[in-house]
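Colleague: Here the protein sequences line up with chains U and B, keeping their order.
Heads up, the first sequence is in the working numbering, so the first residue is -5 and it goes up one at a time.
Heads up, the second sequence is in the working numbering, so the first residue is 5 and it goes up one at a time.
Where a beta carbon is used, it is the ideal one built from N, C-alpha and C, also for glycine.
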Amino acid sequence: MTWITDEMRGIVGKVMREAISHPIALSDIRKWAMAVYWPEPPPRQYWDEDYAAQFGGIAAPEDFNPFAWTAAMPTPDDPPVSMSAFRESELGVATPDYKAILLTEIRARHGAPMRPGDVIRCIWKITDYMEREGRMGLMLYTTLSQEFTNQRGEWVRTLDSVFARY
Amino acid sequence: MTDPGAIAVGDEIPAFSREGTVHHWNRFAAVNDEFAGHHWDDDVARHEGFPAPFAMAPLLHAYLHAMLRHWAGPSARIAAVAIRLRGPLFKGRRMTSGGRVTALRAEAGETIADLELWMDDDTGARLSTGTATVAFPV
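If you want it as structure tokens, here you go:
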């Protein structure tokens, strides 16, 4: 028995989604840092422009998500591509019939910092399928990779998320 | 702020700890638009087979970044952070993360430190393991 079909192998590496952020707002960065570091105040470099000037100005924490809530593309009134983290059907391939999906691993590599005013482009790809026996039977592990670049074409982040389905 | 010249392989970095409460998680939900019921609703969590609501994985990943930032200081560059999730941080538990320097090298005008990371709860359960790379300007 296997979860992985030839059709699924055929979409590995293909662009599944694309999004373009709104220009990052200084307030978004401050609020993100406040939320992550709460209940202590976040480091001054994330909220004090005068202090941050010695480091080239305020930059977002590396874990910042510029696509939360809304984006310039897709727009809020575009139909959602999936109610789940992802579905193979977004690329015209049958999605495995699974009962549950869990995020099991996050691997981030960071490049150019995200600063106020930056516009971030992100593309999503499935980059790997793997199967392994687990407590719930044969588990399907899928790596969903996101590649972030900024308006100057600089690499900002590669984020690999590994989801287990069973 | 850490002096990169004083870092040695085997050094442990200061721990980072947070309570597992919806007061913490609601704030992250608000900035990350992340409102799945199993992160705040006891009934939803139980329906999905969990004993209690649990923290969002991206928040735990962000906590590791925060720990590294506290250790490395404002001028360091966090180049990579990976986390492998082994168990949830449930509501009512407290998580503590730590790290240890595993390698050091000089590269392109920076001191690069590789680290192994971990995160436990207050019952002693290991919630996650991971790795990180932090670059210090020289």
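Which partner residues of R101 (chain U) appear in the DSSP bridge assignment?
Modeller: Beta-bridge pairing links R101 (chain U) to U:D154, B:A86.
Colleague: Are the CB atoms of F142 (chain U) and A79 (chain U) nearer to each other than 8 Å?
Modeller: Contact flag unset, no.
Colleague: Just grab the DSSP bridge partners of L119 (chain B) for me.
Modeller: In DSSP, L119 (chain B) forms a bridge with B:V105, B:A136.
Colleague: Put L20 (chain U) into one of helix, strand or coil per three-state DSSP.
Modeller: Helix.
Colleague: So within the segment 20 to 76 of chain U, which uninterrupted alpha helix (DSSP H) runs reach at least 4 residues, ignoring any that extend past its ends?
Modeller: With a minimum length of 4 residues, the continuous alpha helix (DSSP H) runs that stay inside the segment 20 to 76 of chain U are 20 to 31, 43 to 46.
Colleague: Any beta-carbon of chain U closer than 8 Å to the one on F58 (chain B)?
Modeller: Taking Cβ atoms only, chain U never reaches closer than 8 Å to F58 (chain B), which makes this a no.
Colleague: Report buried or exposed for G96 (chain B), applying the criterion of at least 16 other Cβ atoms within 10 angstroms of its Cβ.
Modeller: Exposed, since its Cβ has fewer than 16 Cβ neighbours within 10 Å.
Colleague: Using 10 angstroms around the beta-carbon of A19 (chain U), count the other beta-carbons present and answer buried if the total reaches 16, otherwise exposed.
Modeller: Exposed, because fewer than 16 other Cβ atoms sit within 10 Å of the Cβ of A19 (chain U).
Colleague: Mind checking if H28 (chain B) is an interface residue toward chain U, Cβ cutoff 8 Å exclusive?
Modeller: By this cut-off, H28 (chain B) is an interface position.
Colleague: Would you verify that the beta carbon of V35 (chain B) is, or is not, closer than 8 Å to some beta carbon of chain U?
Modeller: Answer yes: the Cβ-Cβ gap between V35 (chain B) and chain U drops below 8 Å somewhere.
Colleague: Could you check the C-alpha separation between Y45 (chain U) and P37 (chain U) for me, to the nearest Å?
Modeller: So the two alpha carbons sit approximately 10 Å from each other.
Colleague: Looking at the secondary structure, which residues open and close the beta strand (DSSP E) in which H45 (chain B) lies?
Modeller: Per the sequence presented here, residue 45 (chain B) reads as Asp, with His not at that position. First-last for D45 (chain B): undefined, no H or E at that position.
Colleague: Please classify W118 (chain U): is it buried, with 16 or more other beta-carbons within 10 angstroms of its beta-carbon, or exposed?
Modeller: When all chains shown are included, W118 (chain U) counts as buried.
Colleague: P62 (chain B) lies in the alpha helix (DSSP H); which residues open and close that run?
Modeller: Run containing P62 (chain B): 61 to 76, per the alpha helix (DSSP H) assignment.
Colleague: Return the CA-CA distance between R104 (chain B) and E99 (chain U), expressed in angstroms with no decimal places.
Modeller: Spanning the two alpha carbons is a distance of roughly 20 Å.
Colleague: Cβ atoms of A27 (chain U) and W41 (chain U): under 8 Å apart, would you say?
Modeller: In this structure, A27 (chain U) lies closer than 8 Å to W41 (chain U) by Cβ.
Colleague: Would you mind telling me which residues of chain B sit closer than 7 Å to N163 (chain U), beta carbon to beta carbon, in chain order?
Modeller: Here chain U covers residues -5 to 160 and nothing more, so residue 163 (chain U) does not appear.
Colleague: Please list, in chain order, all residues of the same chain as G24 (chain B) whose beta carbon is under 7 Å from its beta carbon, the five residues on each side excluded.
Modeller: For G24 (chain B), where only same-chain residues beyond five positions count, the Cβ hits under 7 Å are A59, L93, F94, K95, G96, R97, R98, M99.
Colleague: Inspect the beta-carbon positions of G107 (chain B) and V13 (chain B) and report whether they are closer than 8 Å.
Modeller: Going by the sequence as given, residue 107 (chain B) is Ala instead of Gly. Yes, the Cβ-Cβ distance between A107 (chain B) and V13 (chain B) is below 8 Å.
Colleague: Quick test of the definition: if touching needs 3 or more C-beta pairs under 8 Å, does the segment 55 to 74 of chain B touch the segment 63 to 71 of chain U?
Modeller: No contact exists between the segment 55 to 74 of chain B and the segment 63 to 71 of chain U.
Colleague: Whole angstroms is fine: what's the gap from R151 (chain U)'s alpha carbon to A102 (chain U)'s?
Modeller: The straight-line gap from Cα to Cα measures roughly 7 Å.
Colleague: According to DSSP, is L131 (chain B) helix, strand or coil?
Modeller: It is a strand residue.
Colleague: With burial defined as no fewer than 16 other Cβ atoms inside 10 Å of the residue's Cβ, what is the status of T136 (chain U): buried or exposed?
Modeller: Burial call: buried.
Colleague: Please confirm whether E120 (chain B) and T135 (chain B) have their CB atoms less than 8 Å apart.
Modeller: For E120 (chain B) and T135 (chain B), yes; Cβs fall inside 8 Å.
Colleague: For H74 (chain B) and L131 (chain B), what's the separation of their Cα atoms in angstroms?
Modeller: Taking the straight line joining both Cα atoms gives about 21 Å.
Colleague: So, with DSSP's three-state summary, where would you put M176 (chain U)?
Modeller: A query on residue 176 (chain U) cannot be resolved here, the shown segment of chain U reaching from -5 to 160 and no further.
Colleague: For chain B, find out if any of its Cβ atoms is closer than 8 Å to the Cβ of F157 (chain U); answer yes or no.
Modeller: Not an interface residue.
Colleague: Give every residue of the same chain whose Cβ lies closer than 6 Å to the Cβ of A129 (chain B), excluding the five residues on either side of it in the sequence, and list them in chain order.
Modeller: For A129 (chain B), where only same-chain residues beyond five positions count, the Cβ hits under 6 Å are G91.
Colleague: So what does DSSP say about L85 (chain U), is it helix, strand or coil?
Modeller: Of the three classes helix, strand and coil, the one that applies to L85 (chain U) here is helix, per DSSP.
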